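Trainee: Pasting a structure here, questions to come.
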Amino acid sequence: MTTVRYEQHDGVARITLSDPDRGNALSPPMVAQLAKAVRRARADDVHVVVLAGEGRAFSVGGDVQAFAGAEDTEQMVDDLAEALHRVVSDLHRMDAVVVSVVQGTAAGAGVPLAAAADLVLAAASARFTLAYTKIGFSPDGGSTLLTASLGLHRALRLALLNPVLTAEDLRVAGLVAEVHPDDELAAAVDDVVAGLRAGSREAQVAAKRLLRETATPGAEAALRRETLSIRARAAGPDGREGVAAFLAKRTPGFPSSER
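Below, the structure is given as structure tokens:
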């Protein structure tokens, strides 16, 4: 089943998460296809990459149902996190300017995946929430790198209290570059892409490298720490209870909170 579409024309690659009935949940097959699409964009040497989600969500995050059904949850989460982190790293390091387009929901790993772009454009109706600790998991997908764009205490609030933030909230916080009415978002994306295509590619590549290397010099190590942490949380009592409660649509009773 194809869950990621890739289209390339005139120096612009459009990568679309395309499993709308499941909210573009980041399952192992989808992440594998996303990695392939990103590698293809690098091989095509495109100037701009547009990353978007089809349907009601950019992405609702990790595939919680798959976690529940795994024979070895720790190994599955480890493999999925490592694969997703390679995608995030490739987006950071590729020469193309990456533009993410968020409409509807970005939750869990969908938030740092959108934030892995160089520019984030969002519909006014878009909503963002990390939600990892709601199921007893620690953040992954590059969530810890949000401290560079949001600041430590904003990122801690996002990770610990799981607020649902609007696109405008995150524009004010500096993560979202532009917010547009839902019916004007597509045209706004086209305008941004056209502006980037008209600019000096060499200067844009240099700017991206300089700013990213200064803001997050330890990005690769941070992604590795996230993998080690989430796999341990997923296999632990709180993680198992969190997943079970999520699927049963009930409030979790975390064992660690009973001490």
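Going by the working numbering, the letters in the sequence shown line up with residues 321 to 579, in that order. Just so it is clear, CB atoms sit at the ideal spot from N, CA and C, and this is done for glycine as well. Everything numeric in this text was worked out from a predicted model, so none of it was measured.
Give the secondary structure of S338 by DSSP, where H, G and I count as helix, E and B as strand, and everything else as coil.
Mentor: Here residue 338 corresponds to residue number 18 of the sequence shown, with the count starting at 1. Correct three-state label for S338: coil.
Trainee: Assuming I335 and V384 make a contact with CB atoms under 8 angstroms, what is their CB distance in whole Å?
Mentor: Taking the sequence shown and counting its residues from 1, one reaches residue 335 at position 15. Taking the sequence shown and counting its residues from 1, one reaches residue 384 at position 64. Not quite, the Cβ-Cβ distance comes to about 23 angstroms (not below 8 angstroms), so this is no contact.
Trainee: Where does T393 sit, in a helix, a strand or coil, going by DSSP?
Mentor: As a first step, residue 393 must be located in the sequence shown, where it is residue number 73. Helix, per DSSP.
Trainee: Which runs of the beta strand (DSSP E) fall wholly inside the segment 436 to 497 and span at least 3 residues, in chain order?
Mentor: DSSP runs (the beta strand (DSSP E)) wholly in the segment 436 to 497: 439 to 443, 447 to 449.
Trainee: Contact defined as beta carbons within less than 8 angstroms: I believe H367 pairs with L516. What is the distance between those atoms, to the nearest angstrom?
Mentor: Taking the first residue of the sequence shown as 1, we reach residue 367 at position 47. Taking the first residue of the sequence shown as 1, we reach residue 516 at position 196. At roughly 7 angstroms, the Cβ-Cβ gap stays under 8 angstroms, so H367 and L516 are in contact.
Trainee: So, for V369: in the same chain, excluding its five sequence neighbours on each side, which residues have a beta-carbon less than 6 angstroms away from its beta-carbon?
Mentor: Position 49 of the sequence shown, counted from the start, is the residue given in the question as residue 369. Taken in chain order, the residues that qualify are A333, A361, A416, V418.
Trainee: Who are the near neighbours of S445 in its chain, counting only those whose CB is closer than 8 angstroms to its CB and skipping five residues on each side?
Mentor: Looking up residue 445 in the sequence shown gives position 125. Excluding positions up to five away in sequence, the list reads Q423, G424, A487, D502.
Trainee: At what residues does the beta strand (DSSP E) containing L371 begin and finish?
Mentor: For the purposes of this step, residue 371 is taken as the residue at position 51 of the sequence shown. Per DSSP, L371 belongs to the beta strand (DSSP E) from 368 to 373.
Trainee: Taking one C-beta from the segment 474 to 488 and one from the segment 447 to 464 each time, how about it: are there three or more such pairs within less than 8 angstroms?
Mentor: Output reads yes: the segment 447 to 464 touches the segment 474 to 488.
Trainee: Going by Cα to Cα distance, which pick from G430, L531, S409 is closest to S469?
Mentor: As a working mapping, residue 469 is identified with position 149 in the sequence shown. S469 has its Cα closest to that of L531, out of G430, L531, S409.
Trainee: Which two residues bound the contiguous beta strand (DSSP E) that contains V380?
Mentor: Counted from its first residue, the sequence shown places residue 380 at position 60. V380 -> no beta strand (DSSP E), and no H or E assigned at all.
Trainee: Based on DSSP bridge pairs, tell me the residues matched to E327.
Mentor: Start at 1 with the first residue of the sequence shown, and residue 327 comes out as number 7. E327 pairs with R334.
Trainee: Which of the three DSSP states is assigned to T322 in this structure?
Mentor: By 1-based counting over the sequence shown, the position of residue 322 is 2. Reduced to three states, the DSSP call for T322 is coil.
Trainee: Going by beta-carbon coordinates alone, are P432 and L465 separated by less than 8 angstroms?
Mentor: Residue mapping note: residue 432 aligns to position 112 of the sequence shown, counting from 1. Residue mapping note: residue 465 aligns to position 145 of the sequence shown, counting from 1. It is a contact, given that the beta carbons lie within the stated cut-off.
Trainee: Opposite A426 in the DSSP bridges: which residues?
Mentor: One-based indexing of the sequence shown puts residue 426 at position 106. According to DSSP, which records beta bridges pairwise, A426 is partnered with S379, F448.
Trainee: Excluding the 5 residues flanking G373 on each side, which residues of the same chain have their C-beta closer than 6 angstroms to its C-beta?
Mentor: Within the sequence shown, residue 373 is the residue found at index 53, counting from 1. Closer than 6 angstroms at the Cβ level, and outside the excluded window around G373, lie L337, N344, S379.
Trainee: Does the segment 350 to 360 come close enough to the segment 503 to 511 to have 3 or more Cβ pairs within less than 8 angstroms?
Mentor: No contact exists between the segment 350 to 360 and the segment 503 to 511.
Trainee: Roughly how many whole angstroms lie between the Cα atoms of L567 and G461?
Mentor: The residue you call residue 567 lines up with position 247 of the sequence shown. The residue you call residue 461 lines up with position 141 of the sequence shown. Distance between the alpha carbons of L567 and G461 is about 22 angstroms.
Trainee: Please report how far the alpha carbon of A518 lies from the alpha carbon of V525, in whole angstroms.
Mentor: Taking the sequence shown and counting its residues from 1, the one referred to as residue 518 is at position 198. Taking the sequence shown and counting its residues from 1, the one referred to as residue 525 is at position 205. Cα to Cα, A518 sits roughly 14 angstroms from V525.
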